[in-house]
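J.: Would you mind keeping the following structure in view while I ask a few things?
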Amino acid sequence: MGVGLGVLLASNVSAATTATARGLTIEQGHFTFDGKPFRIISGEMHYPRIPREYWRARLKMAKAMGLNTITTYVFWNAHEAEPGHYDFSGQNDVAEFIREAQQEGLYVILRPGPYVCSEWEFGGLPAWLLKDKDTQVRSTDPKFMQPAQRWLQRLGQELAPLQYSRGGNIIAVQVENEYGSFGHDDAYLEQIRQDLIDSGFNTSLFYTSDSAEQPGSLPDLLKVINFGVGHAHEKFAQLHTWQPGGPYMAGEYWVGWFDHWGAPHHVIGAEKVATELAWILQQGYSVNFYMFHGGTSFGWMNGANWDDDSYQPDVNSYDYDSPLDESGRPTPKYNALRNVIMKATGVTPPPVPATPATQAIRGIKLDESVSLWDELPTPTASHELQTMEALGQAYGDILYRKQVTADFAGELRIDGLHDYAQVYVDGKRVGILDRRLKQDRLTLKLAKGDTLDLLVQNDGRINFGQQMITERKGILGGVTLQGQPLMDWQIYSLPFNDSDSLHYARVTCQHAPCFYRGTFDAPVSGSAAADTFLDTAGLGKGFVWLNGHPLGRTWRIGPQRTLYVPGAWLKPHGNQLVVLDLLVEGRPVLNTLKHPVLGTTTVPAP
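Counting from 1, one number per residue, gives the positions in the sequence shown under UniProt numbering.
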């Protein structure tokens, strides 16, 4: 059996007598499905990044491009925001997403992690794992492994019955994710594999996926390779050295790229992608487009990178310059790839579904407001500074306050700023420090009795590489004045998870940060309102909610200048928009646009 079927048997242990009869297997270095030759032509899209109301429409678009499979991560932190409390309802109903894929004639490749990367907050790991400073994530440390095992067991209850051998459409399951770019602990990978088997995923093909020079895998696991446009020849050659007998698959074929705040918007031409895809398919290789449809990292779920010794937070748009844009509309890249797939397979897919028009709404008046300073909660007194995680907080801001006991003029330094701090003296902002820019100090004057406030915002936890191990938020070290440590703080946890309970009034907010609130109508055509894009021009840095849905962040540095507003989340009358802005004062008036503004500067994807 060589590299083929033996991979399946060894990697699924207890499934050895049952997994060979049906489903995705490997024979003579090639994929087979129910005993017949099979080529995977897959597209990645993620259920939390797409409004549930649109899952079906996006899946139909996948089928119409010629895909036979959908690949999705499962995001642990979306399902277990608090330890032991699991949520698989509504937007988190991943089982329903998979069932709908089956109803559209699509198989599913499942990537359950527990770590997933994906430019998603902390790579999908829950922030509460970091409350204990000694926890080593992605390791056999029991403080990580035990909650990960509980999570995988719970996930198995939802999804193991949806494997192909049991009447579902899950045909393969990934073991961890891109571990070759993080570590080399085979015992950890063995444990994750066994946990997946114990959770019921014992009748699907197991595999690992990597972009590193060496795979983070085990000798008997199928390996696939991840790479960007322009690198197919060299990367498939590398995969041949990893797995000489085949089969060969691009586990993530990066047909676009993601964006960082303060950096260019990435675009790569459709013709270049189509030409390389044609070569990949001519070789008989399998492929998973990353992303087929990126969607949106709604809310606080954007991740961050650490590159060139710099912190690089991601924007909320996960448009990714993918074949379907952020709002699910086909792009020139979609049509180009569809034509290549048709030619390579000889199969004509279903017609491309029509997409409804978008709309623009003008003059949304945010005529109610309240200053954050008037809504502070009860603080925690602490001799030393505490991180967000130590206080049980995952997202939002944290405020450190201290009464100054002597006159002072000199350098204020923050050790371990994560990530963006506004410095106030007696309520007046005197400076801003930004981790992106390696800013950690400023010169100021203080008088005895002054109130020093450090308002720190979490801009997204790092989701890739070793740096994520210490990715706590707030102030991780200490604060000094001319080298002398400041102790004894009042610490305010500000998760911003209940903006509706604030005491708004019809006043002009004159003391930022400010919460703003306004209502507006959205015309309905047919059965639903049309999608639109909130223009954030005129806002500074903050966050937006629509009818209770957290849309995402705003930041005047760009490149993203619009937030996607799904029509399914709009009402004909009385839509409520809430904006938190750290910088802007007054009475903002906002508009929505028919098209997104994701950045005017474009560069080739890496």
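For glycine and all other residues, C-beta sits at the position ideal for the given N, C-alpha and C. Source: prediction; values computed, not measured.
Counting along the chain, where does the alpha helix (DSSP H) carrying T241 start and finish?
T.: Taken as a continuous stretch (DSSP letters only), the alpha helix (DSSP H) holding T241 covers A232 to W242.
J.: In the DSSP assignment, the alpha helix (DSSP H) including G128 goes from what residue to what residue?
T.: What sits at residue 128 in the sequence shown is Trp, not Gly. Where W128 is concerned, there is no enclosing alpha helix (DSSP H), given that its DSSP letter is neither H nor E.
J.: In the DSSP assignment, the alpha helix (DSSP H) including N335 goes from what residue to what residue?
T.: It spans P332 to T345 - the alpha helix (DSSP H) in which N335 sits, taken as one unbroken run.
J.: Could you tell me the boundaries of the beta strand (DSSP E) in which L444 lies?
T.: Counting along the chain, the beta strand (DSSP E) containing L444 begins and ends at R441 to L446.
J.: Which word fits R506, buried or exposed, when buried means at least 16 other C-beta atoms lie within 10 angstroms of its C-beta?
T.: Classification of R506: exposed, given that the 10 Å Cβ count is below 16.
J.: Tell me whether A21 is buried or exposed, calling it buried when 16 or more other Cβ atoms sit within 10 Å of its Cβ.
T.: Only weak support is given to the placement of A21: the predicted model assigns it a pLDDT of 48, under 50, and the question is left unresolved by the model.
J.: With burial defined as no fewer than 16 other Cβ atoms inside 10 Å of the residue's Cβ, what is the status of S89: buried or exposed?
T.: The residue is exposed, with fewer than 16 neighbouring Cβ atoms inside 10 Å.
J.: Quick one: any contact between the region 96-103 and the region 274-289, if contact means 3 or more CB pairs under 8 Å?
T.: Short answer: they don't touch.
J.: Can you check DSSP and say which residues form a bridge with Y424?
T.: Answer is R429 and D453.
J.: Distance check for I469 and N202, CA to CA, integer angstroms please.
T.: Taking the straight line joining both Cα atoms gives about 30 Å.
J.: According to DSSP, is W120 part of a helix, a strand, or is it coil?
T.: Correct three-state label for W120: strand.
J.: Among A421, Y516, L502 and L437, which has the Cα closest to the Cα of L476?
T.: For L476, the nearest C-alpha among the options comes from A421.
J.: On the criterion of 16 or more Cβ atoms from any shown chain inside 10 Å, does T508 qualify as buried, or is it exposed?
T.: Under this definition T508 is an exposed residue.
J.: Under 8 Å: do the region 255-264 and the region 553-573 share three or more Cβ pairs, one atom per stretch?
T.: Contact between the region 255-264 and the region 553-573 is present, because at least three Cβ pairs lie under 8 Å.
J.: Can you tell me the Cβ-Cβ gap for residue 629 and I98, rounded? I've got them flagged as a contact below 8 Å.
T.: This structure gives no information on residue 629, because the portion of the chain shown stretches from 1 to 606.
J.: Can the beta-carbon of L125 be found closer than 9 Å to that of K143?
T.: Their beta carbons are not under 9 Å apart, which means L125 does not touch K143 by this criterion.
J.: Excluding five sequence neighbours on each side, which residues of the same chain lie with their C-beta closer than 6 Å to the C-beta of R39?
T.: Closer than 6 Å at Cβ, skipping near neighbours: S286.
J.: Can you list, in chain order, the residues of its chain with a C-beta nearer than 7 Å to that of A409? Leave out the 5 residues immediately preceding and following it.
T.: Closer than 7 Å at Cβ, skipping near neighbours: K445.
J.: Would DSSP call F464 helix, strand or coil?
T.: Coil at F464, not helix or strand.
J.: Is it a yes or a no for the region 149-169 touching the region 472-488, going by three-plus beta-carbon pairs under 8 Å?
T.: Not touching, per the Cβ criterion.
J.: Please return the same chain residues whose Cβ sits closer than 6 Å to the Cβ of G474, not counting the five positions on each side in sequence.
T.: For G474, where only same-chain residues beyond five positions count, the Cβ hits under 6 Å are T387, M388, I398 and V456.
J.: If we count the other Cβ atoms within 10 Å of its Cβ and call it buried at 16 or more, is R338 buried or exposed?
T.: R338 should be labelled buried.
J.: Per the contact definition of three or more C-beta pairs closer than 8 Å, is the region 157-167 in contact with the region 432-443?
T.: No contact exists between the region 432-443 and the region 157-167.
J.: Would you call the region 117-124 and the region 183-199 in contact, with 3 or more CB pairs under 8 Å?
T.: Because the criterion of three Cβ pairs below 8 Å is not met, the region 117-124 and the region 183-199 do not touch.
J.: In its own chain, which residues sit with a C-beta less than 6 Å from the C-beta of R401, not counting the 5 before and 5 after it?
T.: If we look at R401 and ignore the five residues flanking it on each side, its Cβ neighbours are D453 and Q490.
J.: With L577 and F520 assumed to form a contact (beta carbons below 8 Å), what rounded beta-carbon distance in angstroms separates them?
T.: With 8 Å as the limit, L577 and F520 qualify as a contact, their Cβ atoms being about 7 Å apart.
J.: Pull up the distance between the alpha-carbon of Y253 and that of F227, whole angstroms please.
T.: Approximately 5 Å, taken between the alpha carbons.
J.: Can you say whether D407 is buried or exposed, counting buried as having 16 or more other CB atoms within 10 angstroms of its CB?
T.: Answer is exposed; the Cβ neighbour count stays below 16.
J.: Report all residues from its chain with a CB closer than 6 Å to the CB of L570; omit the five preceding and five following residues, and keep chain order.
T.: Result list for L570: A522 and A529, in chain order.
J.: At the level of alpha carbons, what is the spacing between A62 and I70?
T.: The alpha-carbon atoms of A62 and I70 are separated by roughly 8 Å.
J.: Taking A360 and K131 to be in contact with their CB atoms under 8 Å, please state how far apart those CB atoms are, rounded to whole angstroms.
T.: That pair is no contact at about 45 Å.
J.: Please confirm if the region 308-327 is in contact with the region 290-298, defined as three or more CB-CB distances below 8 Å between the two stretches.
T.: Touching, yes, given that three or more Cβ pairs across the two stretches are closer than 8 Å.
J.: Please report the distance separating the alpha-carbon of Q362 from that of G548.
T.: The sequence shown places Arg at residue 362, not Gln. Those two C-alpha atoms are separated by around 21 Å.
J.: Who are the near neighbours of L366 in its chain, counting only those whose CB is closer than 8 Å to its CB and skipping five residues on each side?
T.: Counting only Cβ-Cβ distances below 8 Å, and skipping sequence neighbours, we find Y516, R517, G518, L577, V579, R587, P588, V589 and L590.
J.: Measure the Cβ-Cβ separation of D210 and G245 and say whether it is below 9 Å.
T.: No, these two residues do not count as a Cβ contact at 9 Å.
J.: So for A250, helix, strand or coil by DSSP?
T.: DSSP places A250 in strand when its eight states are reduced to three.
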